[in-house]
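First up is the structure itself, then whatever we jot down about it.
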Amino acid sequence: MSSVSTPLSNKLVCRLLFTKKSKDEFVCSTCSKVCKSAHGYTNLIAHLRSNHPTYLEDASQAARNRNALRLRVVDDETRNIFRWCEWVVMDRLPLAFVERKMTRKNASLPSISEKTLKSYLVRVYQSTEARDAEELPPSFGIVLDGSTFNGRHYIAIFAVFDDPTMCHGTPSDDVSEYFDDTDCFTRRFLLLALCPLDVEEDLGAQSLFDLIADTLSRYNKPWEAVTFMVADNCNVNQYIGSREGAITMVGCASHRFNLAVTDFLADHEALLAKIQALMTKLRTIKGRAIFCTALPTLRRFCATTPDGLAPTPWCNATRSSSRHSTRSGMGLSLILNDFEGVTKTLQRSTLTLSGTRRLFNLVIQRYPKLKPRLSATAAIVNYAALETGIVKLQRKEALTPAERAACVDFRRADETPSLQVPPSDLSIVQQAFKKRKTTKRSRYVDVAFIPPTSNEGERFFSSAKLVYSDLRKRLDASTLEMLMYLMYNKDMWDVYTVEALRS
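In structure tokens:
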């Protein structure tokens, strides 16, 4: 945070030493002379230089008097522009919102035109993109996901890396009862791009490959800077992860679990069809009304029988099959409750690959039918040695030769152990015979930040659909990317970004 002792800009000097009388007239606070200045501050600065040679010292003193804590001074106009930008971006409002009659009538901020707002948003977007290029470390990973809006397929590319300066949570209080490798609280995401493919007729691997390369060139990062990518286990992504010179791929655990649950429910199609038929009838207005009316009676009658079926004369013939369907439905409901808990756990933004493997191992133990999809060496896994190697690195276990080859990108450049220097006050004999403690250092970097899923992209596209709503289908791809970029990377721009653009 800079102090007011830094050189003041002409705009800030004029704000401190002049009082605005009208749109084009300013009154000097020292001599009370009225000066005209329609555009810029040239006339005002010329008056100060001619009549008040010590105007810089006077402005610094005025700034100190107004700002006793020596905080960074931002003028009201800059702050108002920032508030408009922040309001429109974070609340997902259309740009024309600032020119609506009711907005100007009820908003406490001074009015601003849509053209001015968009010009500042574009400049803030460009400034933030340049800052992101500086924030990216020499090596990082990417997360890919895609979604279709209004007939156009968009690809979102995120950078993910370990940032110890940012903490997104704290470990549980009962750390002694749980493993300490299930969560990473220093994982950081940055949105790099949100755009459709250049050739929409070709949604193959080469088009996605070119998009990744173009995105890296925008941030002045070489291809070798990306050490891994996390994406769905579809054929296109798997081909990118397996071709020569490509990026090693970590498959999305949520996608694998969804496929496993789909395979598991294939044995219950008859029961699910009955439930679907019932819910289809209850979706109608008449069916919903009948159900709500009969629900108290059904609960009272069902409570009078041991098997939960109402004792009506016509139900005896179908009681056996109904009892079987009821029990099967209740058993399936308990299983689906377990699956729901697993799904919600996979949605955690701090979950690690090691935690995912522990979770999948228990699911396989309880439901062996899911093993073909969830095992560490399942056929759907693109690079099993990489994923098992990352898990072992988190748990500080020994790697196999195949895993060492797969995790070569995570090795530290300097593996020299650090030796503790003996105190200089010891004699030469004591220094010769004293044991030197060697600080044991891992040969690999901390890989806990590698996400096990691409759910960050899923959450992002859910938010993007609120911006690209049915009433905003004319929004072009570049504007959509700009708005979503600024909203997702909000911590990368603030009021001082706008101030730097206006100075």
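Following full-length UniProt numbering, the numbering of the sequence shown begins with 1 at its first residue and continues without gaps. Heads up, the beta-carbon is just placed ideally off N, CA and C, and yes, glycines get one too. On a predicted model such as this, the values are computed, not experimentally measured, just so you know.
Going by C-alpha positions, Met-492 is about 38 Å away from Arg-49.
Per the C-alpha coordinates, the member of Ile-157, Glu-177, Gly-141, Ala-156 positioned closest to Asp-163 is Gly-141. Between Leu-480 and Ser-454, the alpha-carbon positions lie close to 21 Å from each other.
Partner residues in the beta bridge of Met-249, as assigned by DSSP, are Met-229. Sequence-distant Cβ neighbours of Ser-37 in its own chain, meaning closer than 7 Å and more than five residues away, are Asp-24, Phe-26, Asn-43, Leu-44.
Counting C-beta atoms within 10 angstroms of its own C-beta, Thr-248 has 16 or more neighbours from the protein chains shown and is therefore classed as buried. The distance from the Cβ of Tyr-468 to that of Leu-191 is about 15 Å, inconsistent with a contact at the 8 Å cut-off. DSSP places Cys-35 in the uninterrupted beta strand (DSSP E) bounded by 34-36. Excluding residues up to 5 positions away in sequence, Leu-95 lie with their Cβ nearer than 7 Å to the Cβ of Lys-118 in the same chain. Unbroken alpha helix (DSSP H) runs of no fewer than 4 residues, entirely contained in the region 103-139, are found at 114-135, following chain order. In the structure shown, Thr-182 adopts coil according to DSSP, grouped into three states.
In this structure, the CA atom of Ala-46 is about 52 Å from the CA atom of Thr-186.
Counting other Cβ atoms within 10 Å of its Cβ, Gln-276 stays below 16 and is therefore classed as exposed. For Phe-158, the pairing in a beta bridge is given by DSSP as Val-143, Leu-191. Note that the C-beta distance between Leu-136 and Tyr-41 is not below 9 Å.
In the displayed model, Thr-19 falls within a strand according to three-state DSSP.
9 Å or more divides the Cβ of Asp-476 from the Cβ of Leu-370. Checking the DSSP bridge columns, you'll see Phe-26 partnered with Lys-20, Cys-35. The closest CA to that of Thr-19, considering only Ser-9, Leu-8, Ser-32, is found on Ser-32. Sorting Cys-195, Cys-252, Met-102 by C-alpha distance to the C-alpha of Ile-380 places Cys-252 at the top. Rounded to whole angstroms, the gap between the alpha carbons of Asp-267 and Lys-274 is 14 Å. Short of 6 Å from the beta carbon of Phe-461, and not among the five residues preceding or following it, lie these beta carbons of its own chain, in chain order: Ser-147.
Its Cα nearest to that of Asp-91, the residue Leu-483 stands out among Leu-483, Val-445, Glu-499, Ala-500.
C-alpha of Arg-104 to C-alpha of Val-498: approximately 22 Å in a straight line.
The beta-carbon distance between Ile-240 and Leu-208, rounded to whole angstroms, is 6 Å. This is short enough to meet the 8 Å contact definition. One alpha carbon belongs to Tyr-488, the other to Thr-30, and they sit about 46 Å apart. Between Val-160 and Phe-189, the C-beta gap is smaller than 9 Å, which places the two residues in contact. In this structure, the straight-line span from the alpha carbon of Arg-404 to that of Ala-413 is close to 15 Å. Around the Cβ of Ile-112, a 10 Å sphere holds 16 or more other Cβ atoms; the residue is buried.
Note that the C-beta distance between Ser-254 and Leu-374 is not below 9 Å. Within a 10 Å sphere around the beta-carbon of Asp-202 sit fewer than 16 other beta-carbons, which makes this residue exposed. For Met-487, the enclosing alpha helix (DSSP H) starts and ends at 477-488. Assigned with DSSP and collapsed to three states, Leu-197 falls in coil, not helix or strand. In this structure, the beta-carbon distance from Leu-466 to Arg-123 does not fall below 9 Å. Every alpha helix (DSSP H) stretch that sits fully inside the region 251-296 and reaches 4 residues is listed by chain position as 253-265, 269-282.
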